[in-house]
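S.K.:
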Amino acid sequence: MTSRAAPKLSVRNLWKIYGPNPRRIVSGAFRDMTHERRLEHVREARHFVAAADVSFDVHEGRIFVIMGLSGSGKSTVLRAVSRLDEPTCGQVFLDDTDLLTASPRALIEIRRRKMGMVFQSFGLLPHLDVMQNVAFPLKAQGLPRDRREARAREMIDLVGLKGRERSYPHQLSGGQQQRVGIARSLAVEPELWFLDEPFSALDPLIRAQMQDEFLRLQKQLHKTIVFVTHDFLEALKLADTICIMKDGEIVQIGAPAEIVLRPANAYVREFIGDVPLAHVLRAGDVMSPPRNDGRAHPSVPPEAILEDAIRLFGETTETVDVVGADGAVLGSLQPLQVIRSLHHDGPGPDR
Amino acid sequence: MTGFARRFRASCRSARPWLAVLGLSALLLAQRAAFPQIVGYPDAWTLPVAEAINRVMDGLVAQFQGVARAVSGGLNLAFSGVRALLIGSPWAVPVCLFCLIAWQGGGRRLALLTGALLLYILASGYWEPAMNTLALVLVALPLSILIGFGLGYLGFRSAHARRVILPMLDLMQTIPAFAYLIPILLLFGFGPVVGLIASVVFAVPPMVRNTILGFERIPPAVLESARMSGCSRPQQFAWAELPSALPQMLVGVNQTTMAALSMVIIAAIIGGFEDIGWAVLSAMRKAQFGQSLLSGAVIVVLAILLDRVTAAYAARQLPGASHAGLPLRRFAPVLAAALIAAFLAAQALPALRDWPAGLIHSPAQAINAATTGFVLAHGELMAALKNGVQFFLLLPVKLGFERAVVPFTWGITLTPGMKAAYWALAGLGCVLAFGRGRWKGGIAVLVVAGFLYFGATGLPWATVLLLTTLLAFQLGGIRLALLAGGAVVYLLVAGLWQQAMISVYLCSVAVFLCILLGGLIGIWAAASDTVSAIIRPINDMLQTLPQFVLLIPALMLFQVGDFTALLAIVAYAIVPMIRYTEHGLRSVPATLIDAGRACGCSAWQLFWQVRLPQSLPQILIGINQTVLYGLGMLVIAALVGTTGLGQAIYVALGEANAGAGLAAGLGMALIAMTADRLLQAVIRGRA
Ligand SMILES: Nc1ncnc2c1ncn2[C@@H]1O[C@H](COP(=O)(O)OP(=O)(O)OP(=O)(O)O)[C@@H](O)[C@H]1O
Ligand SMILES: [Mg+2]
Chain Y
1 MTSRAAPKLS
11 VRNLWKIYGP
21 NPRRIVSGAF
31 RDMTHERRLE
41 HVREARHFVA
51 AADVSFDVHE
61 GRIFVIMGLS
71 GSGKSTVLRA
81 VSRLDEPTCG
91 QVFLDDTDLL
101 TASPRALIEI
111 RRRKMGMVFQ
121 SFGLLPHLDV
131 MQNVAFPLKA
141 QGLPRDRREA
151 RAREMIDLVG
161 LKGRERSYPH
171 QLSGGQQQRV
181 GIARSLAVEP
191 ELWFLDEPFS
201 ALDPLIRAQM
211 QDEFLRLQKQ
221 LHKTIVFVTH
231 DFLEALKLAD
241 TICIMKDGEI
251 VQIGAPAEIV
261 LRPANAYVRE
271 FIGDVPLAHV
281 LRAGDVMSPP
291 RNDGRAHPSV
301 PPEAILEDAI
311 RLFGETTETV
321 DVVGADGAVL
331 GSLQPLQVIR
341 SLHHDGPGPD
351 R
Chain U
1 MTGFARRFRA
11 SCRSARPWLA
21 VLGLSALLLA
31 QRAAFPQIVG
41 YPDAWTLPVA
51 EAINRVMDGL
61 VAQFQGVARA
71 VSGGLNLAFS
81 GVRALLIGSP
91 WAVPVCLFCL
101 IAWQGGGRRL
111 ALLTGALLLY
121 ILASGYWEPA
131 MNTLALVLVA
141 LPLSILIGFG
151 LGYLGFRSAH
161 ARRVILPMLD
171 LMQTIPAFAY
181 LIPILLLFGF
191 GPVVGLIASV
201 VFAVPPMVRN
211 TILGFERIPP
221 AVLESARMSG
231 CSRPQQFAWA
241 ELPSALPQML
251 VGVNQTTMAA
261 LSMVIIAAII
271 GGFEDIGWAV
281 LSAMRKAQFG
291 QSLLSGAVIV
301 VLAILLDRVT
311 AAYAARQLPG
321 ASHAGLPLRR
331 FAPVLAAALI
341 AAFLAAQALP
351 ALRDWPAGLI
361 HSPAQAINAA
371 TTGFVLAHGE
381 LMAALKNGVQ
391 FFLLLPVKLG
401 FERAVVPFTW
411 GITLTPGMKA
421 AYWALAGLGC
431 VLAFGRGRWK
441 GGIAVLVVAG
451 FLYFGATGLP
461 WATVLLLTTL
471 LAFQLGGIRL
481 ALLAGGAVVY
491 LLVAGLWQQA
501 MISVYLCSVA
511 VFLCILLGGL
521 IGIWAAASDT
531 VSAIIRPIND
541 MLQTLPQFVL
551 LIPALMLFQV
561 GDFTALLAIV
571 AYAIVPMIRY
581 TEHGLRSVPA
591 TLIDAGRACG
601 CSAWQLFWQV
611 RLPQSLPQIL
621 IGINQTVLYG
631 LGMLVIAALV
641 GTTGLGQAIY
651 VALGEANAGA
661 GLAAGLGMAL
671 IAMTADRLLQ
681 AVIRGRA
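Protein chains in written order, with full-length UniProt numbering: chain Y, 1 to 351; chain U, 1 to 687.
1) Taking only three categories from DSSP, how would you classify I412 of chain U?
2) Within 10 angstroms of its Cβ, does R207 of chain Y collect 16 or more other Cβ (buried), or is it exposed?
3) Go through the residues and name those whose CB comes closer than 5 Å to any heavy atom of ligand 1, in chain order.
4) In the DSSP assignment, the beta strand (DSSP E) including Q547 of chain U goes from what residue to what residue?
5) Please confirm whether any heavy atom of ligand 2 lies closer than 7 Å to the CB of E191 of chain Y.
6) Straight-line CA distance for G73 of chain Y to L281 of chain Y?
7) Residues in the same chain with beta-carbon distance under 7 Å from G476 of chain U, minus the five sequence neighbours each way, listed in chain order, please.
8) Would you please verify whether the beta carbon of P137 of chain Y is less than 8 Å from any beta carbon of chain U?
9) Quick one: what does DSSP say N76 of chain U is sitting in, helix, strand or coil?
10) Go ahead and label T211 of chain U buried or exposed: buried means 16 or more other beta carbons lie within 10 angstroms of its beta carbon, across all protein chains shown.
11) Can you give me the Cβ contacts of V137 of chain U inside the same chain, cut-off strictly under 6 Å, excluding the 5 residues immediately before and after it?
12) Looking at E197 of chain Y and ligand 4, is the gap between the Cβ and the nearest heavy atom below 7 Å?
13) Would you check if the distance between the CB atom of I538 of chain U and the CB atom of M577 of chain U is smaller than 8 Å?
14) Whole angstroms is fine: what's the gap from V228 of chain Y's alpha carbon to A264 of chain Y's?
15) Determine which residues of the segment 207-239 of chain U have a Cβ less than 7 Å from any Cβ of chain Y, and write them out in chain order.
16) Roughly how many angstroms lie between the CA atoms of G373 of chain U and P553 of chain U, to the nearest whole one?
17) Return the first residue and the last residue of the beta strand (DSSP E) that L9 of chain Y is part of.
18) Against chain U, with Cβ distances strictly below 8 Å, would R112 of chain Y count as a contact?
19) Are any of the Cβ atoms in chain Y nearer than 8 Å to that of residue 694 of chain U?
20) Over the uninterrupted alpha helix (DSSP H) stretch that includes T46 of chain U, give me the two end residues.
21) Count the other CB atoms within 10 Å of the CB of A15 of chain U; is the residue buried (16 or more) or exposed (fewer)?
22) Assign K286 of chain U to one of two classes, buried (16 or more other C-beta atoms within 10 Å of its C-beta) or exposed (fewer than that).
23) Going along chain U, which residues have a C-beta under 7 Å from A140 of chain Y?
24) Roughly how many angstroms lie between the CA atoms of V251 of chain Y and A50 of chain Y, to the nearest whole one?
25) Please classify V334 of chain U as buried or exposed, where buried requires at least 16 neighbouring CB atoms within 10 angstroms.
26) May I ask you to verify whether the segment 76-95 of chain Y touches the segment 3-18 of chain Y, counting CB pairs closer than 8 Å and requiring at least 3?
27) Whole beta strand (DSSP E) runs in the segment 132-199 of chain Y with 3 or more residues, listed along the chain?
28) Go ahead and pull the three-state DSSP assignment for Q252 of chain Y.
29) With a threshold of 8 Å, are at least 3 pairs of Cβ atoms found where one atom belongs to the segment 81-89 of chain U and the other to the segment 524-544 of chain U?
30) Express the C-alpha separation of A312 of chain U and T457 of chain U in angstroms, rounding to a whole number.
31) List, in chain order, every chain U residue whose beta-carbon is nearer than 7 Å to that of I108 of chain Y.
32) Does F119 of chain Y get closer than 8 Å to chain U when you measure Cβ to Cβ?
33) Quick check: is the beta carbon of H127 of chain Y nearer than 8 Å to any beta carbon in chain U?
34) Consider the Cβ of M210 of chain Y: report whether some Cβ of chain U lies at a distance smaller than 8 Å.
35) Whose CA, out of Y:T224, Y:A255, Y:H279 and Y:Q178, lies closest to the CA of E213 of chain Y?
36) Provide the residue(s) that pair with M418 of chain U in DSSP beta bridges, ordered along the chain.
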């Protein structure tokens, strides 16, 4: 990919340590220790590392997914970045402001205008109806009632809950409640959108539907997103970039195809084990240089999933061209290469 | 047989401390004729607890009387204001007021019910005392709610504060109200304000508990979503925390209201004020049962009224409530207009101002006649019932078989042979239990046998001290042992031993009956929906009634005495036993029952081996509640002439002796807390 402008959100060396006195632990000689030594140091002091030296960037309009097993520290990172919990040390930049040194007033202002968050357990206010829930952050902003209701109505339409404005949370299904949560988090037109396992409490069918809808919304809205999930398939489906965590540390960061094709270690490979690769990999991920044998080949766009591309191979067709939107041939698919890339443990195309 | 011997020896080893205590007790009992101080704790070994409390109290009174009297003046002012509205204005005005408030909370049906109940009070002729009582409640209520909310929120926010507040609540609820009426009397002076303040003290705890619960139960995501919405701290509190906790807090308001009413009624005992509690009490003292029953019925009506209306407001806050009422800014003008209209109508129509005397109907004479007739007609049967319970249950527990089995009661004299047979049987039971490895059962057999033989008042105090402490130690470790031992030592040192054992005796008989009868009724109600449907409203009523009222029918039929007190205590304390038994049995998972059936259990086996063990934790909670209720009612029952701690408090109240009252009240509270913690330990051990 081409290099872009400065990241929208930049997290640098973020630590979150639980225990009686975490601050003391990261003071003094902590700076000069190696990473391993630091972890040991914390353990010796009988403290617990929930996030260890986490750094990553999220660019404007991109979906950054944090993935890991339960207890790996995903929520910890998200909550530290949004300052729902105070991180022990580190830096978090939103554009040029360091969120961690922002005053409480400034933080409130940032939350009112620039951040939206969706919770796994929805977090709807039980005494407010859908309209009031969605309008709630606007009320905190101090918007007059008619304006916030107009805006809330737009959001309710956007998530497909038109007609339920006067329902209370307990009258809605889980999926509907989460739509309200999404509408509420979008009401202030945030630049940063945080979602902590937003679909985990929903059953599989609804979850898939909500994921599609989430992608549809993002196409429209272009938010900068940090999305937490423990579901690897969900991560693959939604992410521009995936960050895999284990025991509070980042194991690998990369585009979905990168992770699938070049897992950093055995831990990551475990996740890939049961992924239907033909659904996940795209033609652009596995293509080799264009092959010019003078014959005409069937063609697919680079974002076509392999499953669809493979269908084009036939008795006599041994090459499929990958053709960009402008008609230029970007590369080609060869059966052998495709088969190799679909084989989990096989060497990737670049190896 | 070798297995028996091995298990017997193992049991003896486990039970060693118990056997030691029992052996020591046997020695003490053998010597009791020579040393009377073995059973009766000697006066010379007591400390002047009451005097010490009095001295502190005198200091407090001297220090704070000025402030207290000022507070008292303020409260009196507020009280007079409310009273003027309720009694000084035409009756149509308060009736209209309450109906509208009821309508706002619960809709048309509740408004109609409220109207009907108020008309009943008007027609009963007790309007003025009822409104006096209501005025006290209405002044006490906002204070209790505010203080309770403040303390509750503090307790929620700060763990330190909670560590102080929670034990304080325990004390406020377990020290009998009569006991703290006295210091309030000394501080604030004579008058209705005493009842008001006492009811604030008594009514605060449920509000505190429900406030803490309400705030604790708010899902964290709700608070976090408020923070992430950019709410400032005050906005978070006002827009997210408070409304989320509100439903639970309104449950607290309901409980607080009932507690306040109950206390206002009890406080009538200090007299000098024409409220409905006093109407009951003075009628009771004059043995005018018709009048006391009718005024008691007015209390019931007030209780139902307050309960339904506050419960409606609580239900209205729950998500999905059907009745919303008007928004406040529309309700207020409607209310004002209606009250003015009622006032003007009363000016035109005198019948709306003063309830016409012709419409007051009092069947008191008829009730008196009917009662007398009933007692005359069934006197023998009732005397037989009373004597039966007294001779075969109450006396043995109080005095022991040793002293209770005499020709006058049982028609026989205990011969040495019978005594020997009794002890031989007990010993055999113990040995058999030991041999089956059940040493706890064996010890229980011996303890119960000893208790029944010597009676609650015939046990050496050292035995009670050691057994209680040992039990507490085995159930809950050193801290519980300290509490239990400390409680017994306090009762001894404060010179309250004799009274305390009498209280323990009466309460243990009552609790025994409650467990037996309540358990059976609960089992029956769990098995039959019809029975359950009949029992539930009765339970509700027994529980919402101010305890006081339960004395009336018992007193009408059986006169003053332990039996009457027993009836009243059982009527009040049986409720939790029934409820928890039924609930426990009904909530056994259906899959377990099916599994039992699939294993071929008969209905009988199913009950003993599946249902009962599964519901035991619930039933134990029921027993715990029953014990606390029983102890609470004991003090009220002192009004009908029991002896014991309750009476000591009652007498102290008559003499305005704060020290004696508080000393005995504290004793009562310690017994209640020890019983509670012991049972809690049992429940924890089972869970
Ligand atoms: N307040 C706390 N005190 C101590 N340890 C905590 C605290 N909060 C979280 N932890 C620990 O930090 C670790 C990471 O927790 P975190 O909630 O970030 O996990 P997660 O990856 O979000 O898992 P899940 O998928 O279950 O939500 C866990 O082991 C957890 O026990
Ligand atoms: Mg999490």
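Ideal placement from N, C-alpha and C gives every residue a C-beta, glycine not left out.
All figures in this text were calculated on a predicted structure; none of them were measured in a lab.
M.R.: From the atom records:
1) For the purposes of this step, residue 412 of chain U is taken as the residue at position 412 of the second sequence. Of the three classes helix, strand and coil, the one that applies to I412 of chain U here is coil, per DSSP.
2) Position 207 of the first sequence, counted from the first residue, corresponds to residue 207 of chain Y. Flag for R207 of chain Y reads buried.
3) Here the list is Y:Y18, Y:A50, Y:S70, Y:G71, Y:S72, Y:G73, Y:K74, Y:S75, Y:T76 and Y:H230.
4) Position 547 of the second sequence holds residue 547 of chain U. Taken as a continuous stretch (DSSP letters only), Q547 of chain U belongs to no beta strand (DSSP E), being part of the alpha helix (DSSP H) at Q547 to F558.
5) Taking the first sequence and counting its residues from 1, the one referred to as residue 191 of chain Y is at position 191. For ligand 2, not one heavy atom lies less than 7 Å from the Cβ of E191 of chain Y.
6) Position 73 of the first sequence, counting from 1, holds the residue named residue 73 of chain Y. Position 281 of the first sequence, counting from 1, holds the residue named residue 281 of chain Y. The straight-line gap from Cα to Cα measures roughly 28 Å.
7) Within the second sequence, the letter at position 476 stands for residue 476 of chain U. Hits under 7 Å: R677 and A681.
8) Walking along the first sequence from the start, residue 137 of chain Y turns up at place 137. Yes, P137 of chain Y lies at the interface with chain U (some Cβ there is under 8 Å from its Cβ).
9) Against the second sequence, residue 76 of chain U aligns to sequence position 76. Of the three classes helix, strand and coil, the one that applies to N76 of chain U here is helix, per DSSP.
10) Position 211 of the second sequence, counted from the first residue, corresponds to residue 211 of chain U. With 16 or more Cβ atoms within 10 Å of its Cβ, T211 of chain U is classed as buried.
11) One-based indexing of the second sequence puts residue 137 of chain U at position 137. Cβ neighbours of V137 of chain U beyond the five flanking positions: A260, L261 and V264.
12) Ligand 4 is absent from the structure shown, which contains only ligand 1 and ligand 2.
13) Translated into the one-based positions of the second sequence, residue 538 of chain U becomes position 538. Translated into the one-based positions of the second sequence, residue 577 of chain U becomes position 577. No. Outside cutoff.
14) Here residue 228 of chain Y refers to the residue found at position 228 when the first sequence is read from its first residue. Here residue 264 of chain Y refers to the residue found at position 264 when the first sequence is read from its first residue. If I take the Cα positions, the gap works out to 20 Å.
15) P219, A221, V222, E224, S225, R227, M228, S229, G230, C231, S232 and Q235
16) Walking along the second sequence from the start, residue 373 of chain U turns up at place 373. Walking along the second sequence from the start, residue 553 of chain U turns up at place 553. One C-alpha to the other measures close to 15 Å.
17) Locating residue 9 of chain Y in the first sequence gives position 9, counting from the first residue. Element bounds for L9 of chain Y: L9 to Y18.
18) By one-based count along the first sequence, residue 112 of chain Y stands at place 112. Output row for R112 of chain Y: interface = yes.
19) Residue coverage of chain U in this structure runs from 1 to 687, which leaves residue 694 of chain U outside it and unanswerable.
20) Residue numbering aside, residue 46 of chain U sits at position 46 when the second sequence is read from its first letter. Looking at the DSSP string, T46 of chain U is not in any alpha helix (DSSP H), and its letter there is neither H nor E.
21) Within the second sequence, the letter at position 15 stands for residue 15 of chain U. It counts as buried.
22) Residue 286 of chain U sits at position 286 when you count from the first residue of the second sequence. Under this definition K286 of chain U is an exposed residue.
23) Indexing the first sequence from 1 puts residue 140 of chain Y at position 140. Result: S229, G230, C231 and Q235.
24) Along the first sequence, one-based indexing puts residue 251 of chain Y at 251. Along the first sequence, one-based indexing puts residue 50 of chain Y at 50. Cα to Cα, V251 of chain Y sits roughly 14 Å from A50 of chain Y.
25) Here residue 334 of chain U corresponds to residue number 334 of the second sequence, with the count starting at 1. V334 of chain U should be labelled exposed.
26) yes
27) 192-196
28) The residue you call residue 252 of chain Y lines up with position 252 of the first sequence. Three-state result, Q252 of chain Y: strand.
29) no
30) Along the second sequence, read from residue 1 onward, the residue named residue 457 of chain U stands at position 457. Along the second sequence, read from residue 1 onward, the residue named residue 312 of chain U stands at position 312. Their backbone Cα atoms lie some 49 Å apart in a straight line.
31) Taking the first residue of the first sequence as position 1, residue 108 of chain Y is located at position 108. Simply G230 and S232.
32) By 1-based counting over the first sequence, the position of residue 119 of chain Y is 119. For F119 of chain Y, the nearest CB of chain U lies under 8 Å from its own CB, placing it at the interface with that chain.
33) The residue labelled residue 127 of chain Y in the question sits at position 127 within the first sequence. Cβ-Cβ to chain U under 8 Å: yes for H127 of chain Y.
34) Start at 1 with the first residue of the first sequence, and residue 210 of chain Y comes out as number 210. Not one beta carbon of chain U lies nearer than 8 Å to the beta carbon of M210 of chain Y.
35) Your numbering for residue 213 of chain Y matches position 213 in the first sequence. Closest by alpha carbon: Y:Q178.
36) Along the second sequence, read from residue 1 onward, the residue named residue 418 of chain U stands at position 418. Answer is none; M418 of chain U lacks a bridge partner.
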